[in-house]
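Numbered per this note's numbering, the sequence shown spans residues 244 to 436. Ideal Cβ positions, reconstructed from N, Cα and C, are used throughout, including at glycine. Please read the structure below before turning to the comments.
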Amino acid sequence: MKLNVVASSLVLSSALLSGAALAADGTVHFRGEVIDSTCEVTSDTADQTVNIGRVAVTSFAGIDSTSSVKDFHIRLEKCPATYTQAAVRFDGTEDKDTIGKGYLAIGTPVNGETGTDGEFTGEDDAVAATGVAIKLFNLSDDTAIPLYSNSKYVPIASGKADMGFKAKFVQTLATVTAGTANADSQFTIEYLK
């Protein structure tokens, strides 16, 4: 009899404790929308190489100074009438020396490279430059576009949009050393109705 009481007590205790462990602490609400098809990025701007060029170490004037600029565009076509404006969000590896500024780190994987020497330089035996990163800007007003932030929205007219940007090298450390300065950035198009 005593054994039955102990066993019953254990079963009851287990039931009470498991109920406490399963109590809800809050709710997560998921929201979304199924949308029309999106615009198409033109084939000449969907996968492009922006050659910022060669820049002398001496052309930098100090931390946050920029040197060498290259304009580039991302163009959209076949946009549904549902959308009136578009912007671009650039993704990539943020420069470790300037966390929070949204600069694109150089020496990140280029064209799918895996880095046989443990470095992502764009060339297996090359050395990446240090003390610099890539800073992105809106072409229309030269305002900076930090990584993971939207560019300025541009109008979509007659099913097309042309979004212009600038890429510049930016000094991130007191000393800049020479080397390759390559990086990759994927982008996502954001829309407004």
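- Note that the stretch 299 to 306 does not touch the stretch 378 to 393; fewer than 3 beta-carbon pairs, one per stretch, sit closer than 8 Å.
- Relative to D287, the option among K344, L347 and R318 whose CA is nearest is R318.
- In terms of CA proximity to K403, P323 leads the group S392, P389, P323 and D338.
- CA-to-CA, the gap between G422 and G345 works out to about 22 Å.
- Contact holds between the stretch 426 to 433 and the stretch 334 to 344, because three or more Cβ pairs, one in each stretch, are under 8 Å apart.
- Going by DSSP, D314 is part of the beta strand (DSSP E) stretching over T309 to E320.
- Rounded to the nearest whole angstrom, the C-alpha separation of F412 and A369 is 19 Å.
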